[in-house]
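Peer 1: In the working numbering, the protein residues as written are 260 to 386.
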């Protein structure tokens, strides 16, 4: 089963383009799947913001802790303590800003893992 992770940021497209480049270049995330920028349905009466969501189709959750870690590292490298992205998988939403320690990164990844439908019914054999 494949699920889609959505990544959003209040500042929209420009920041997400930079994040996409960072994720594609990082050895631990570039093989997770295909990262795509797309636009969402604009609010009624507006033109929308253009490319305002970064998506990633995944077929498992093993790499989620590393994924959250890389996004946190990206924020730290930019020195943007007040900025954050919202990451959504199914009904679960988390916010990553670059201020997370390792325990918080694991907790956030566990929130996403819990929302992945296949893992709740899997036999535990991911070979």
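Glycine included, C-beta positions come from ideal geometry on N, C-alpha and C.
1. Return helix, strand or coil for residue 297, following the three-state DSSP convention.
2. Which of the three DSSP states is assigned to residue 273 in this structure?
3. What are the residues that DSSP puts in a beta bridge with residue 354?
4. Rounded to whole angstroms, how far is the Cβ of residue 269 from the Cβ of residue 327, which I believe are closer than 8 Å?
5. Going by DSSP in three states, residue 366 sits in which element: helix, strand or coil?
6. Of the residues 297, 273, 323 and 267, which one's Cα is nearest the Cα of residue 289?
7. Pick out whichever of 350, 354, 358 and 335 has its Cα sitting closest to the Cα of residue 344.
8. Using three-state DSSP, classify residue 373 as helix, strand or coil.
9. Using CA atoms only, rank isn't needed, just tell me which of 348, 311, 325 and 373 is closest to residue 359.
10. Using only alpha-carbon positions, find the residue among 339, 329 and 356 that is nearest to residue 280.
Peer 2: Reading from the atomic positions:
1. strand
2. helix
3. 345
4. Not quite, the Cβ-Cβ distance comes to about 19 Å (not below 8 Å), so this is no contact.
5. helix
6. 323
7. 354
8. helix
9. 325
10. 329
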